[in-house]
Every structure is written in C-alpha cells, then in structure tokens.
Ligand code: SF4
C-alpha cells in the first residue's frame, strides 16, 4: 500500500507574487476558479437576499464571537467541564506537534493503523496526516474533494471546494490511477460524469467507513454551556465518521467556541448561506460527549492553540479569530479569483488566509519568512471580503496593520514586507496583475465599453503593488478607493471621474454590478 | 455574559486574574495519564502543562492595552415567520428545492402515498427504529425490519431503505431534525440505507431556525437533514447522493 500521500507541505511555495505569477499563467485554472467562485457568489447572493434580518444576524454573529474571544479562558474551561461531564475527554495542545502527538497516541492506544477523516482545516494546519503517516497510521480523507486532492498528491486550493482547480477529466484520471493503491479500485470504464465519479467515491470509501475504528474530525462550533460539538457538511461522509467508528477524535481551534446553545441559532443561519449558498447544508451533526448505544464509545476533544493566543494579543488582528471558515471572502476576492488558493502557501487561502496565516506564524511577535511576509500584500484592499463576511471581519484593516507592522516597525535588518512588495513591483506580480485587473474591468463593463471599444484607466491603487507599499509607509493608511467605488466614479473606466465623488469602500458588492 | 457589571466591579475578571477554581499547578489534567512511550510531549510523572500555559497565554493576550470591550449581543433578528404563514406549504416547497420528493397526505391517504413512494424507489425491505408511530407502514406491503435489538452494520448496509419520524422540522430552510427519540433511532440507522422515508406531522413544523433551537435538547445527538446528501465538488455540478441516502422522500401528514 502506497496510499499515504505526502502531506501538502507548503514550505516550498514561493512568495505570493511569484506563486501568483505561475497561477496567473494557467488559463485553465483561472477558468475553473472563475466558474466556481461566480457560481457560489450567485447562490449566496440569492439566499442572503431573502433574509430581511441578515445584517442583524451578522452583527449578532460578530458580537457573539467577540464575547467568546474576550472571555476565552472562562469559556474553554466551561467547555472542558461540560464535555467531561458528558463522557468525553478533553486534551489541550499548545502547538501542532503536541496536537499530533495526542491524536497519534489515541490511535495507537486503540491499536489501529488507519483513521478515517472528515475535511478539517485544523488538522491540515497541523499537518496531522504526515504525523500519522510517520507513526505508521494511514489517514483516509473522505470528503470527495479532499479525496481528489489526496489521491492526486495535490494541494487544496479552496476552503469549501479544495479541488476546484481540477476538472472532471482530471478527476477521472486521478480516480482511475489512484484508487487501486488506496483500496477499492475505480470501476473499469469510469466516465467523467460527475454522478459516476461520485458513485466511484461512494464505493471506494464505504469499505473504509465500515471497518474504521477511529475517526478524526474538526468542528465548526462547540458550545461551552453544554459541551455540544457541531459539524456541518454535505456528502454524509461526516455522518459516517461521526457515527460508525468506536473512537472519535475532534481537533478544535480554541476560537471555535460559542457560549450558549442559543447561539447556534445565529450561526446555523449565517454559515450555510455564506458558505455553499444554501438555505441549509444537507447534513448538520451535533453531539454532546458520548451517547449510550448511538455513535462512538469514546470521544476525545483536542483544543488547539498553535498560534491563536498570539493572534488574540493583537487588538486589530484578533477579529480574524471570529472566522467561521465559510469561504465567502474567497469567492468575492479579485485577487483570489486570479491566483487560486495554492499561491497563498497555507491551508488558509484567500483574504482570510492573507490575514490569518501571518498572524498564526507570529507576524505580531517576530520576523517571519518572506513567503509569509508577502501575504499582507496579496490584496487590493477593495473591501469586498469584509462585505461578504458573515461575522464582519475587517480584513482590509488587518492587512493595512500588517503592512505597517512589516514596514514601519523595522523588525530585523531588512524590512521583509518592503522587500516583498518591491520584488512584486519589479517583476512577476506587477504585469500580469495589471493585465488581470484590466481584463476584470473589461468583463464587468463590457456593455458600457462597446462604443469606444477600449478600457479606461485602472484605479490608481490597482495600478501596481507599489501603491500598497506606499500605503504601508504612511500607516495608519486610510482605506484606499475600492474597485467598486472607482468603477462607479469612472463609469466603469470610461471617464477619469471625479475623485471627490468617490464612494466609500462599503458601497455595493461586485456581484451586484 | 451580557449583563452589565455592578458599578466599580471589574468587568473582565477572567482576562487578568485566574478564576478561583483554576489551579494552575493542577496535575489532574485529563491527558496527563496518556503516557505513550516515545512521544515527545509526555514526561512521566509531570503534568503536560499545556492547559495551564494556554490559559496563561490567553490571559496575557487579553490584558493590558487594547483589552477587548465588553460585548452586548443584540438578538433582535427574526424569531418567527409572520402570522398566517402556511408552514406546511413553505416546508414542502423548500424541501422540494433540495430535489427531495414530498407528498402530502391525511389519515385516509397516507398508506397509499407511502406505498407509491416505496414502489417508485423499489424499496421492499424497510428498516424502522423502535417507536409506535410507524407500524402502519406494514400496510404498504413493505417488509418492516425493526432495529431492536440493534441491527448489525452489515444488515443496515444491505437494507433497501429506512423510515423514520422526526423531532421537528423547519419550514424556512426545509430541514428535518432527528434527535434519537422514538421512531428516529440511532444515527446510523438513517445513514447507511440508500433510501430515507421521513414522516413529518404538520404540527411538528416550526417556522425558523431560532424556533427549532429553542425546542431542541442539545444533550441528544442531533442530525439536521436538508435534502439528500449532495456534492458540488466536481466543477460545481450538483450531484445528489454521495454517502448518505441518495433518495430522501418526505411524507407530510396533515
Ligand atoms: S473571514 Fe469571514 S468570509 Fe472569510 S472565511 Fe472567515 S467568516 Fe467567511
């Protein structure tokens, strides 16, 4: 069996501008990304639009999360007590190595050499599959997209749809070539119809579900008051993992708490509509400790810090810990749409990745590597991410702060952020990027442009990353003009426009154009 | 947590002083006894200290300048659908949006309706959980297999389908909630068979998610079901049916 995939190590990924350059050159990737992000955007807009109280839910969601963060020690201890009282076992892990060791230890204790896994950002973040492989334990990803990524020895590129960069023919080839090594082979003559591919995955994984003794999951929410843990999913692979094996291990970032059961009423409305653009996702599982005669006999909850306490220490940056990983910000991001997720070099791509990854890697505390230092520049600061965010994270403000931290606080002999920005301006990033934006403008303004047949000027800030560099030197920088306000002011680039009538970054969303 | 502190009281007691019941030198950490030879994080005879250190780091992060403000949660979002909403009609419409078949029936037509659904799905052997509201399904001609004593995983995997009731249903989102109560069974019972017939009584339907949360007991294992299992992982084309039941039928009883 050679099924164990080398864990996506993002270490070899070059700084964002270079990685973005490579991605930008891949027209096929860009077409897939565009289709996916636009499809989800439209669905989201439709189901959010039918909620007259969406803004109130959003504000409540942000406030509940802020309350959690402000009193995290108390809520964590409350959660530990309630999970323990319900028959679960709680573990605390300071970092990835500690969390991995706990999971490996539990799996060994139960004498298993394999685990089934539900898609989980936290276990990707800590590189759990690698740690398990090193201990001789195979980890089977069971989410369809994760399976595609795992069998293809690939990297995920989107939070919600990690295989968004693969088309159906590629997926067919990956299944045909890879399933045999991992277990039940793909059927002969497998076509590239999505229904057939899903059926192949069903058959391939079923034997694993039925025999697995240990499952590993992440968690979307955990209720401090009751000890209830929640996993939201679509395919049913989550339900399989949560109910069939004897042992369930859930790795949970410490920020995933909610104080009360009632708080679920807010998040079970915000998350599905923001994430998949559905009124409700097909399956939501909630469990409290262990239940006699129903589901696993042993439940372990691993509470993971791994840099989160550092994020919490930053008064501006800490709001990134409100994130519920819905991926709405990815789908509206003009940078993400062009570069894809892998260019961000971490399990957290897109706007949230650009603010969360540098913080988890300690940007507020110490020098970081050039790849991490380039992430705060992977944005035009247009503000579309914040508007889409169901918990109102001010992503542009965090990015601006990080640029200031890199450029002005003068950590180390060389300002890494400046270095990254200069590099971007000088080479790879600037040209395709400008081109990309010009095309973007064209795509949105085609019907305005017709007569003249050419595109006007792109907005000042978008003309090159040096503008971002300048902004970071002048910290605290005022939010620059947004793409949308520029679009409005200049009639889609047809006129120079009047800067005095520039709108605020918060007016309208790209999807409404 | 959203009450106003007494005048003069420290509004952030836990952000800089340990709570009284926290003993930072506590050696009784749940994982202290998880000794796995060769693993770097365990030091026999010593607590791992992870919990204490995380809590200390958190308190440090929350103290000093920029300490988070006290937070009030405004819950003025909708709790109910307006008066006069046809909840059963809305529920049926929203479930059908998920490509699930919904039939409405009354005591006179329910056997025929259920029989029609089962025939259409070619289900002959139907698992039913313990309870007293589903026995009438025998009149459809299907062979009922009671999950009591519990069926094996292989037996469940081999069954044509399963029928359950529900704890409640949510009109606005087209969601059915099972909580392991009578006629709902263990979670795995409604998972392994490829066909799920859910019987919903009109009086079990609430309007909104907040109404559902208010009625549900969080200590019970819950499964919220909104349509058949689905994936959009391949080029964003929606495919109904991956691992959970590929067919969901809902019989809505007036
Ligand atoms: S930052 Fe907001 S929009 Fe982005 S994934 Fe997190 S919750 Fe969703």
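Residue numbers (this note's numbering), protein chains in the order written: chain A, 964 to 1476; chain B, 116 to 369. No residue lacks a Cβ here, since even glycine has one placed at the ideal position from N, Cα and C. Since the model is a prediction, treat every value here as computed from it, not as a measurement.
By the 16-neighbour rule on beta-carbons within 10 angstroms, residue 251 of chain B is exposed.
With a beta-carbon spacing of about 14 Å, residue 262 of chain B and residue 296 of chain B fall beyond the 8 Å limit used to define contacts. Sequence-distant Cβ neighbours of residue 1289 of chain A in its own chain, meaning closer than 7 Å and more than five residues away, are 1234, 1237, 1238, 1353. Boundaries of the beta strand (DSSP E) harbouring residue 1246 of chain A: 1246 to 1251, taken from the DSSP string. With a cutoff of 8 Å on beta-carbon distance, residue 344 of chain B and residue 316 of chain B are scored as not near each other. Using beta-carbon distances, residue 1087 of chain A does not count as an interface residue toward chain B, since no partner is under 8 Å. Spanning the alpha carbons of residue 1011 of chain A and residue 1241 of chain A requires a straight line of approximately 9 Å. For residue 998 of chain A, the chain B residues whose Cβ falls inside 9 Å of its Cβ are 350, 351, in order along the chain. Under the Cβ distance rule, residue 1057 of chain A counts among the residues neighbouring chain B, one pair being separated by less than 8 Å. Look at residue 1288 of chain A: its beta carbon is less than 7 Å from one of the heavy atoms in the ligand SF4. When distances are taken from the beta-carbon of residue 1361 of chain A to the heavy atoms of the ligand SF4, even the shortest one reaches 7 Å or more. Of the candidates B:275, B:215, B:324, B:214, the residue whose Cα lies closest to the Cα of residue 259 of chain B is B:275.
Residue 1312 of chain A and residue 1319 of chain A have their alpha carbons spaced roughly 9 Å apart. Within the DSSP bridge table, the entry for residue 366 of chain B names B:218, B:314 as partners. Between the beta-carbon of residue 1071 of chain A and that of residue 350 of chain B there is about 40 Å, and that puts the pair past the 8 Å contact cut.
About 5 Å separates the Cβ atoms of residue 1193 of chain A and residue 1249 of chain A, confirming a contact at the 8 Å cut-off. One alpha carbon belongs to residue 1094 of chain A, the other to residue 1336 of chain A, and they sit about 27 Å apart.
Looking at the backbone, the Cα of residue 281 of chain B and that of residue 292 of chain B are separated by about 6 Å.
No Cβ of chain A is located within less than 8 Å of the beta carbon of residue 204 of chain B. Under the rule that a run must span 4 or more residues, the alpha helix (DSSP H) segments found entirely inside the region 1151 to 1223 of chain A read 1157 to 1174, 1200 to 1206. Taking the Cβ of residue 1342 of chain A as the reference point, every heavy atom of the ligand SF4 lies at 7 Å or farther away.
Here the C-alpha atom of residue 1041 of chain A lies approximately 11 Å from the C-alpha atom of residue 1034 of chain A. In this structure, residue 1301 of chain A sits away from residue 358 of chain B, with a CB-CB distance that is not shorter than 8 Å. Using a cutoff of 7 Å, the CB of residue 1314 of chain A counts as near the ligand SF4, since one of the ligand's heavy atoms is closer than that.
Under the three-state reduction of DSSP, residue 1028 of chain A is assigned to helix. Within the region 279 to 312 of chain B, 285, 287, 288, 289, 290, 295, 301, 302, 303, 306 place their CB atoms closer than 8 Å to a CB of chain A, listed in sequence order. Assigned with DSSP and collapsed to three states, residue 1080 of chain A falls in strand. Proximity of residue 1311 of chain A to chain B, defined by a Cβ-Cβ separation below 8 Å, is not satisfied.
One finds nothing in chain B with a Cβ atom closer than 7 Å to the Cβ of residue 1288 of chain A; even the nearest lies about 16 Å away. The beta carbon of residue 1352 of chain A sits closer than 7 Å to at least one heavy atom of the ligand SF4. By the beta-carbon neighbour count (other beta carbons within 10 angstroms, threshold 16), residue 1305 of chain A is buried.
By the rule that beta-carbons nearer than 8 Å mark a contact, residue 1029 of chain A touches chain B. At a C-beta separation below 7 Å, residue 320 of chain B has no neighbours in chain A, since its nearest C-beta there lies roughly 14 Å away. Runs of beta strand (DSSP E) with 3 or more residues, each lying fully within the region 228 to 271 of chain B, are found at 240 to 243, 258 to 261, listed in chain order. Check the Cα spacing between residue 286 of chain B and each of B:189, B:215, B:210: the tightest is with B:210. At a cut-off of 8 Å between beta-carbon atoms, residue 174 of chain B makes contact with chain A.
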